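Heads up, the thing below is written out as structure tokens.
There are 4 protein chains.
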Amino acid sequence: MDAPSLVYSRFETEMQVRPDDIDMYQHVHSSRYLDYVLAARFDQMERCYGMPMSEFQKQGYGWFIASTQMNFKRPLKIGDHFVVRCWIENFTLIGLRVRFEIDNVIEAKRSCDGWFDYVMVALETTRPVRIPEWIRAKYSI
Amino acid sequence: MDAPSLVYSRFETEMQVRPDDIDMYQHVHSSRYLDYVLAARFDQMERCYGMPMSEFQKQGYGWFIASTQMNFKRPLKIGDHFVVRCWIENFTLIGLRVRFEIDNVIEAKRSCDGWFDYVMVALETTRPVRIPEWIRAKYSI
Amino acid sequence: MDAPSLVYSRFETEMQVRPDDIDMYQHVHSSRYLDYVLAARFDQMERCYGMPMSEFQKQGYGWFIASTQMNFKRPLKIGDHFVVRCWIENFTLIGLRVRFEIDNVIEAKRSCDGWFDYVMVALETTRPVRIPEWIRAKYSI
Amino acid sequence: MDAPSLVYSRFETEMQVRPDDIDMYQHVHSSRYLDYVLAARFDQMERCYGMPMSEFQKQGYGWFIASTQMNFKRPLKIGDHFVVRCWIENFTLIGLRVRFEIDNVIEAKRSCDGWFDYVMVALETTRPVRIPEWIRAKYSI
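Protein chains in written order, with our numbering: chain A, 237 to 377; chain B, 237 to 377; chain C, 237 to 377; chain D, 237 to 377.
Quick look at the structure:
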């Protein structure tokens, strides 16, 4: 069982805003923050957890987003460098909650934060499955 | 004051999935649901509330997303027709919460739902402002 | 052989600009015109040629873009309705050239035009294949 | 006058594919290559030519794409690192042609190449203007 006091590692990925991320308000378009977290997760799964998304796919698994909450604090702008900090908050039998924070690197200010609830699915059925113990162990760092 | 029992109108916009909305899982990419709600809101502001976003901009106002929660139920697929149903849940002095439901038209099944908290800003300062009474009236239908 | 004088049918798909298509210049972002033509092709393959992309996929075929030229005339803006007109200019053994025109509906002005060279591939190998005669016939209208 | 033999500098920007760039074929979506060239140009205008796009905007100028040709050779895939190589081919009175090559870094293979014709516009009128001599000089390296 996960004791509530269990604390998982926080990992960071640094990225830069692309011009095509900018919307009519000269800010990063809201939906792109979701894409930034997705990109950071892919990077961290490979680089920090040692099990890239492609490995999940080879094993017949995928991660689908069940739910998200995103809080938009200060918009990123063109050319901004930012860091996406992610960590697992808790596991359930079939999924996990990932918390994230996106900070502007130069101004060192919070741009966006929130969480994503992921559910593990079998790619063949696209239905939720119980997370295998060995995967859970790999991600419990 | 808004009594908790006050119920605002629900409006619907029908759209179709574009091929460029599809991601590596052959589903609509998660962040595009946010774009669909945005498109529905623009349509409904003009068609249903009689005050399009361009009118807000002419008056020097904009609506920024402060926060969102999105629940992903069943993914939309290529070519799917869907309806985006939106309604105001409540007003604050400077903003409002919009609830939304996205339903697959053919299967009549829920695809995604949730809410968006919008804040009204003065475009010149990009800082929140109190919603003028006449705008609040126009949107309290 | 295709005689140079052979003329193929022109088909039209009407669409509307989505807010997330708009870029920092308050215009439709250049790369979205490519997405509009793609969406129109998917629509016309199903509705006009009677063989949707999904049918190609079931048969083990896909269409990849080999090359494109796009000429940007007048930018589309938020909420604009536009029509995408497409027609086959000529076939090769393994592909075809599709010409397109995107016109603003209200102003009746040309927004973008150009062509796409598509190559038929076997999905299993992702290598070009000769277009089967029955498919060529279906598209030679 | 530009002598045909005049050769301008080639500059490179390295980037990585984001998961949201991937389409239903598990490849980078065609329209994203246009976005990659745009991102590389913004980077190189600032880093290599010493005059970022924001400086053009402050001076009241913008660069609009008039035309493009893109040749798709080998698709980039998720996580791929790639380099975007750009150089000016020639100037006209009101614009310039930029050639580009996108190479996969690990495989050292060509992924996409082509050109973009840009036209300089006055932002106030969004109409083409003659390129000022001092800007032309700054970019003639």
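Here a beta-carbon is modelled for each residue, glycine too, at the ideal position from N, C-alpha and C.
Treat the numbers as computed from the prediction; the structure is a model and nothing was measured.
(request) Classify A/I371 as helix, strand or coil using the three-state DSSP reduction. (result) helix
(request) Go ahead and pull the three-state DSSP assignment for C/K294. (result) Helix at C/K294.
(message) Quick check: A/V253 and A/V320, are their CB atoms within less than 9 angstroms of each other?
(response) no
(request) Can you say whether B/S266 is buried or exposed, counting buried as having 16 or more other CB atoms within 10 angstroms of its CB? (result) buried
(request) Could you check what DSSP says for D/P255 in three-state terms: helix, strand or coil? (result) helix
(request) With DSSP collapsed to three states, give me the class of D/D279. (result) helix
(request) Would you please state the rounded distance, in angstroms, between the beta carbons of C/I330 and C/P364? I believe it to be under 8 angstroms. (result) 5 angstroms
(request) Report yes if the CB atom of D/D349 is closer than 9 angstroms to the CB atom of D/R335, and no otherwise. (result) yes
(message) With three or more beta-carbon pairs closer than 8 angstroms as the criterion, would you say the segment 352-361 of chain C touches the segment 285-304 of chain C?
(response) yes
(request) Would you mind sorting D/Q295 into buried or exposed? The rule is 16 or more other CB atoms within 10 Å of its CB. (result) Around the C-beta of D/Q295, fewer than 16 other C-beta atoms lie within 10 Å, and the residue is accordingly described as exposed.
(request) Show which residues of chain A have a CB atom less than 9 angstroms away from the CB atom of C/D271. (result) Chain A residues near C/D271: none, gap ~12 angstroms exceeds 9 angstroms.
(message) So, under 8 angstroms CB-CB, C/R246 and C/W323 are touching, yes? Tell me the CB distance rounded to an integer number of Å.
(response) C/W323 and C/R246 do touch by the CB rule: their CB atoms are close to 4 angstroms apart, below 8 angstroms.
(request) Compare the C-beta of A/F327 with all C-beta atoms of chain C and state if any pair is closer than 9 angstroms. (result) Judged by the 9 angstroms Cβ criterion, A/F327 is not in contact with chain C.
(request) May I have the straight-line CA-CA distance separating A/S290 from B/Y261, to the nearest angstrom? (result) 12 angstroms
(request) Identify whether D/R268 lies in helix, strand or coil by the three-state DSSP scheme. (result) Of the three classes helix, strand and coil, the one that applies to D/R268 here is helix, per DSSP.
(message) For chain C, check one thing: does any of its Cβ atoms lie closer than 9 angstroms to the Cβ of B/F308?
(response) no
(request) For the beta strand (DSSP E) holding D/G315, just list the boundary residues, first then last. (result) No beta strand (DSSP E) contains D/G315, which DSSP labels as neither H nor E.
(request) Quick one: using the 10 Å Cβ neighbour count with 16 as the cut-off for buried, is C/I258 buried or exposed? (result) It is buried - the Cβ of C/I258 has at least 16 other Cβ atoms within 10 Å.
(message) Any beta carbon of chain B sitting closer than 9 angstroms to that of C/R381?
(response) In the structure displayed, chain C extends from 237 to 377; residue 381 of chain C sits before or after that span and is not available.
(request) Would you mind reading off the limits of the beta strand (DSSP E) that contains C/H344? (result) The sequence as given places Ala at residue 344 of chain C; His does not occur at that position. Unbroken run through C/A344: none, as it is neither H nor E.
(message) Would C/Q305 pass as an interface residue toward chain D - the criterion being a Cβ-Cβ separation below 9 angstroms?
(response) yes
(request) Using alpha carbons as the reference points, say which of A/I367, A/K309 and A/L359 lies closest to A/D339. (result) A/K309
(request) Taking all protein chains shown into account, decide if D/W299 is buried (16 or more other Cβ within 10 angstroms of its Cβ) or exposed. (result) buried
(request) Residues of the segment 284-297 of chain A with a CB closer than 9 angstroms to any CB of chain C: list them in chain order, please. (result) none
(request) Note down, in chain order, every chain D residue with its Cβ under 8 angstroms from the Cβ of A/A275. (result) R254, P255 and D256
(message) Quick check on DSSP: helix, strand or coil for A/M260?
(response) coil
(request) Would you mind telling me which residues of chain B sit closer than 8 angstroms to A/A302, beta carbon to beta carbon, in chain order? (result) What A/A302 touches in chain B: N307 and F308.
(request) Identify the contact partners of D/Y261 in chain C, using a Cβ-Cβ distance below 7 angstroms as the criterion. (result) G298
(request) With DSSP collapsed to three states, give me the class of B/V365. (result) Coil at B/V365, not helix or strand.
(message) Using only CA atoms, which one of C/D256, C/L359 and C/F327 lies nearest to C/L312?
(response) C/D256
(request) Look at the alpha carbon of A/F318 and the alpha carbon of A/M251, and state the distance between them as a whole number of angstroms. (result) 6 angstroms
(request) With a threshold of 16 other CB atoms inside 10 Å of the CB of A/T361, please say whether the residue is buried or exposed. (result) exposed
(request) Starting from A/S245, find everything on chain B with Cβ-Cβ shorter than 8 angstroms and list it in chain order. (result) None at all; the shortest Cβ gap to chain B is about 24 angstroms.
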